[in-house]
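Colleague: Protein sequences appear in the order of chains P and E. Going by the working numbering, the final residue of the first sequence carries number 212, and the count climbs one at a time with no gaps. Going by the working numbering, the final residue of the second sequence carries number 212, and the count climbs one at a time with no gaps. Cβ coordinates follow ideal geometry from the N, Cα and C atoms, glycine included.
2 protein chains.
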Amino acid sequence: MEQLTEKQKAIIDFIRNIQTNQGTPPTMREIMKEFGFKSIGTVQDYLRILEEKGYLRRRGKFKARFLDIVGLTTNPVLNVPVLGQVRAGAPILAVENIDGYINLDKSLLDNGADFALRVKGDSMTGAGIYEGDFVLVRINSRTENGEIVVARIGEEVTVKKIYCDTKYRHLRLEAANPAYKPISDPDIQIVGKVVGVFRKY
Amino acid sequence: MEQLTEKQKAIIDFIRNIQTNQGTPPTMREIMKEFGFKSIGTVQDYLRILEEKGYLRRRGKFKARFLDIVGLTTNPVLNVPVLGQVRAGAPILAVENIDGYINLDKSLLDNGADFALRVKGDSMTGAGIYEGDFVLVRINSRTENGEIVVARIGEEVTVKKIYCDTKYRHLRLEAANPAYKPISDPDIQIVGKVVGVFRKY
DNA sequence: GCTTATACCATACAAATGTATGGTTGTCAA
DNA sequence: TTGACAACCATACATTTGTATGGTATAAGC
């Protein structure tokens, strides 16, 4: 694709932003206002150039808001619930456990996620998961030895590495922090596999 | 929510369909055509009813293609470019450096992000940032000592902790991995501050 | 010097699109 | 039978929005 100047790039970024945020592209006059142009002709020039360079397409003549950004992945967005405190007895995804929702680009995850969980404690710092991080969890995904999972023991929900002691036929949870001991409780219930982590600074 | 008749439901389904498929809602006359109405007034009636019943909203008067389907409204989404290889000389956000785009829920970040970068190497594992992680970066944000930043030295772009040696009046980059030595290059250029991390398993 | 490209401005006009107003017909409940 | 409501039609008009045309200034390249 041909080079764009700074200004040209700013224009196409603006169009892309409006498109994704309000679900419809801007009009030429809206672009004009945004960039402080005093003439609509200026915008016409930019759009013509962007079209010639292959970054834009127009669908039909005289159509309002019919700019198409070439290559704009209208990425499917995943809407996952964020779990708060989990109450005893209640199923993990019960409405009363849900704290809110976040959106995530599907392309960030291979197979989607069923919920998110805010991490408490420092038991997984050795694996790069810190207190306050969001972990994204896929329920009922097949897990391998050593993978990071969300498990439930009674009303406690934790993030740990899972191991299966085939000899004794029970599950073992291990922290990624030497300060914590492995857990081998017969009541361990694997909720799902951690498929992503998000941290905010 | 109030009940809809068959026809009313068909209308809103059509609007939803057009919105998701072509990225912009239909005009009233397009709706008219689709359903074979002979008068624009018919569509006006339907839209009024759907608005009264709470299934539709209009943004502004006399605006083209500004129907909003209630409930389809996704949270504000940030569309950030993902940087690939950075070429020498080129400004960091030059089009040729951009590998693609990802969408992120705005609520995940306090002040937005300007671009994302795929992490290379293991120099920040001590801070929970691993090879392959995406870091989200805000350009020109004020940085404090010890914060994680993206810096540029020539055509190399790295993620490190930043420190200002006031005594010697120069910047120092430190890895979060004892295997790496601090960098004190006069050409260090701070690109932005790391405001988020995302990792996929 | 000439051409080309970028980056603007100004204005008139055409087409699309939303709005306002006032109808008709049929059904169903009070 | 009256009234409310859904489901239409018709037309004039206001406003937005895209198009067309013709400018100016500056810098780069031949």
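Report yes if the C-beta distance between residue 185 of chain E and residue 172 of chain E is below 7 Å; otherwise report no.
Modeller: Within the second sequence, residue 185 of chain E is the residue found at index 174, counting from 1. Within the second sequence, residue 172 of chain E is the residue found at index 161, counting from 1. Contact: yes.
Colleague: Which residues in the same chain as residue 135 of chain E place their Cβ atom closer than 6 Å to its Cβ, once the five residues preceding and following it in sequence are excluded?
Modeller: Here residue 135 of chain E is taken as the residue at index 124 of the second sequence, counted from 1. Closer than 6 Å at Cβ, skipping near neighbours: 170, 187.
Colleague: Among the candidates P:79, P:50, P:48, P:92, whose CA atom is the shortest distance from the CA of residue 28 of chain P?
Modeller: The count along the first sequence starts at 1 and reaches residue 28 of chain P at position 17. When only C-alpha atoms are compared, the closest one is P:79.
Colleague: Using a cut-off of 8 Å between C-beta atoms, extract the partners of residue 134 of chain P located in chain E.
Modeller: To locate residue 134 of chain P, count along the first sequence from 1; it is residue 123. Correct list: empty, because the minimum Cβ distance to chain E is about 13 Å.
Colleague: Under a Cβ-count criterion, where at least 16 other Cβ atoms within 10 Å of its own Cβ denotes burial, should residue 38 of chain P be classed as buried or exposed?
Modeller: On the first sequence, position 27 is the one that residue 38 of chain P refers to. With 16 or more Cβ atoms within 10 Å of its Cβ, residue 38 of chain P is classed as buried.
Colleague: Mapping DSSP to helix, strand and coil, what is residue 114 of chain P?
Modeller: Against the first sequence, residue 114 of chain P aligns to sequence position 103. Looking at residue 114 of chain P - three-state DSSP - the assignment turns out to be strand.
Colleague: What three-state label does DSSP hand residue 15 of chain E in the structure shown?
Modeller: Looking up residue 15 of chain E in the second sequence gives position 4. Reduced to three states, the DSSP call for residue 15 of chain E is coil.
Colleague: Alpha carbon to alpha carbon, how far is residue 151 of chain E from residue 31 of chain E?
Modeller: Start at 1 with the first residue of the second sequence, and residue 151 of chain E comes out as number 140. Start at 1 with the first residue of the second sequence, and residue 31 of chain E comes out as number 20. About 35 Å.
Colleague: When DSSP builds the beta bridges, which residues end up paired with residue 209 of chain E?
Modeller: The residue labelled residue 209 of chain E in the question sits at position 198 within the second sequence. Paired residues: P:209, E:145.
Colleague: Is residue 116 of chain E close to chain P? Criterion is C-beta to C-beta, closer than 7 Å.
Modeller: Here residue 116 of chain E corresponds to residue number 105 of the second sequence, with the count starting at 1. For residue 116 of chain E, the answer is yes, since a Cβ of chain P falls inside 7 Å of its Cβ.
Colleague: Tell me whether residue 129 of chain P is buried or exposed, calling it buried when 16 or more other Cβ atoms sit within 10 Å of its Cβ.
Modeller: In the first sequence, residue 129 of chain P corresponds to position 118, counting from 1. It is exposed - the Cβ of residue 129 of chain P has fewer than 16 other Cβ atoms within 10 Å.
Colleague: State yes or no: is the beta carbon of residue 141 of chain P nearer than 7 Å to at least one beta carbon in chain E?
Modeller: Stepping through the first sequence from its first residue, residue 141 of chain P is reached at position 130. For residue 141 of chain P, the answer is yes, since a Cβ of chain E falls inside 7 Å of its Cβ.
Colleague: Between the Cα of residue 146 of chain P and those of P:155, P:156, P:164, P:168, spot the shortest distance and give me the residue it belongs to.
Modeller: On the first sequence, residue 146 of chain P is found 135 positions in, with the first residue counted as 1. Nearest option by C-alpha distance: P:168.
Colleague: I'd like the ranges of any alpha helix (DSSP H) spanning at least 4 consecutive residues and lying wholly in the stretch 29-64 of chain E.
Modeller: Qualifying alpha helix (DSSP H) stretches, in chain order: 39-46, 51-63.
Colleague: Taking 7 Å as the cut-off, decide whether the C-beta atoms of residue 208 of chain P and residue 140 of chain P are in contact.
Modeller: By one-based count along the first sequence, residue 208 of chain P stands at place 197. By one-based count along the first sequence, residue 140 of chain P stands at place 129. Closer than 7 Å, so yes.
Colleague: Taking only three categories from DSSP, how would you classify residue 199 of chain P?
Modeller: Along the first sequence, one-based indexing puts residue 199 of chain P at 188. Here residue 199 of chain P sits in coil by DSSP.
Colleague: Counting only beta-carbon atoms, is residue 73 of chain P nearer than 7 Å to chain E?
Modeller: Here residue 73 of chain P refers to the residue found at position 62 when the first sequence is read from its first residue. False, the Cβ-Cβ gap to chain E never drops below 7 Å.
Colleague: Starting from the Cα of residue 20 of chain P, find the closest Cα among P:67, P:182, P:194 and give me that residue.
Modeller: As a first step, residue 20 of chain P must be located in the first sequence, where it is residue number 9. Taking only the C-alpha atoms, the option nearest residue 20 of chain P is P:67.
Colleague: How would you call residue 65 of chain P, buried or exposed, if buried means at least 16 neighbouring beta carbons within 10 angstroms?
Modeller: In the first sequence, counting from the first residue as 1, residue 65 of chain P sits at position 54. Exposed is the call here.
Colleague: Helix, strand or coil for residue 84 of chain E? Go by DSSP, reduced to three states.
Modeller: Along the second sequence, one-based indexing puts residue 84 of chain E at 73. Note that residue 84 of chain E scores 47 on pLDDT, short of 50, meaning its location in the model is unreliable; the coordinates nonetheless yield the value given after this. If DSSP states are grouped into helix, strand and coil, residue 84 of chain E belongs with coil.
Colleague: Would a check of beta-carbon distances place residue 148 of chain E closer than 7 Å to chain P?
Modeller: On the second sequence, residue 148 of chain E is found 137 positions in, with the first residue counted as 1. No, residue 148 of chain E does not count as interfacial toward chain P.
Colleague: Would you say residue 113 of chain E faces chain P, with C-beta separation under 7 Å as the test?
Modeller: As a position in the second sequence, residue 113 of chain E is number 102, starting the count at 1. Chain P, which has a Cβ nearer than 7 Å to the Cβ of residue 113 of chain E, makes this yes.
Colleague: Under the three-state reduction of DSSP, which class applies to residue 153 of chain P: helix, strand or coil?
Modeller: If you number the first sequence from 1, residue 153 of chain P lands on position 142. The answer is coil: DSSP assigns residue 153 of chain P none of H, G, I, E or B.
Colleague: At a Cβ threshold of 7 Å, is residue 27 of chain P touching chain E?
Modeller: The residue given as residue 27 of chain P occupies position 16 in the first sequence. Closer than 7 Å to some Cβ of chain E, the Cβ of residue 27 of chain P qualifies, so yes.
Colleague: So, under 8 Å CB-CB, residue 174 of chain E and residue 183 of chain E are touching, yes? Tell me the CB distance rounded to an integer number of Å.
Modeller: Translated into positions along the second sequence, residue 174 of chain E becomes position 163. Translated into positions along the second sequence, residue 183 of chain E becomes position 172. Indeed, because the Cβ distance is near 5 Å, the residues count as touching under 8 Å.
Colleague: Does the beta carbon of residue 206 of chain P come closer than 7 Å to any beta carbon on chain E?
Modeller: For this step, residue 206 of chain P is matched to residue 195 along the first sequence. Taking Cβ atoms only, chain E reaches closer than 7 Å to residue 206 of chain P, which makes this a yes.
Colleague: Under 7 Å, Cβ to Cβ, is there at least one residue of chain E near residue 21 of chain P?
Modeller: Within the first sequence, numbered from 1, the residue matching residue 21 of chain P stands at position 10. No, because no Cβ of chain E sits closer than 7 Å to the Cβ of residue 21 of chain P.
Colleague: Verify the CB distance criterion: does residue 57 of chain E have a CB-CB separation below 7 Å to chain P?
Modeller: Taking the first residue of the second sequence as position 1, residue 57 of chain E is located at position 46. No, its Cβ sits nowhere closer than 7 Å to a Cβ of chain P.
Colleague: Within 7 Å of any Cβ in chain E, is that where the Cβ of residue 126 of chain P sits?
Modeller: Walking along the first sequence from the start, residue 126 of chain P turns up at place 115. For residue 126 of chain P, the answer is no, since every Cβ of chain E falls outside 7 Å of its Cβ.
Colleague: In chain E, which residues lie with their C-beta within 8 Å of the C-beta of residue 211 of chain P?
Modeller: What you label residue 211 of chain P is simply residue 200 of the first sequence in a count that begins at 1. Per Cβ cutoff of 8 Å: 119, 120, 121, 206, 207.
Colleague: So for residue 173 of chain P, helix, strand or coil by DSSP?
Modeller: Here residue 173 of chain P is taken as the residue at index 162 of the first sequence, counted from 1. In this structure, residue 173 of chain P counts as strand in the three-state DSSP scheme.
Colleague: Would residue 95 of chain P and residue 110 of chain P be called neighbours here (beta carbons separated by less than 7 Å)?
Modeller: Counted from its first residue, the first sequence places residue 95 of chain P at position 84. Counted from its first residue, the first sequence places residue 110 of chain P at position 99. Yes.
Colleague: At which residues does the beta strand (DSSP E) containing residue 67 of chain E begin and terminate?
Modeller: Looking up residue 67 of chain E in the second sequence gives position 56. Its beta strand (DSSP E) spans residues 67-69.
Colleague: Please report how far the alpha carbon of residue 181 of chain P lies from the alpha carbon of residue 212 of chain P, in whole angstroms.
Modeller: The residue you call residue 181 of chain P lines up with position 170 of the first sequence. The residue you call residue 212 of chain P lines up with position 201 of the first sequence. Near 38 Å, if we compare the C-alpha coordinates of residue 212 of chain P and residue 181 of chain P.
Colleague: Return the residues of the stretch 28-50 of chain P that lie within a Cβ-Cβ distance of less than 9 Å from chain E, sorted by chain order.
Modeller: Cβ contacts with chain E: 28, 30, 31, 32, 33, 34, 35, 36, 38.
Colleague: Name, please, each residue of chain P whose Cβ falls closer than 7 Å to the Cβ of residue 183 of chain E.
Modeller: Residue 183 of chain E sits at position 172 when you count from the first residue of the second sequence. By Cβ distance, chain P contributes nothing, its closest Cβ being about 19 Å from residue 183 of chain E, past 7 Å.
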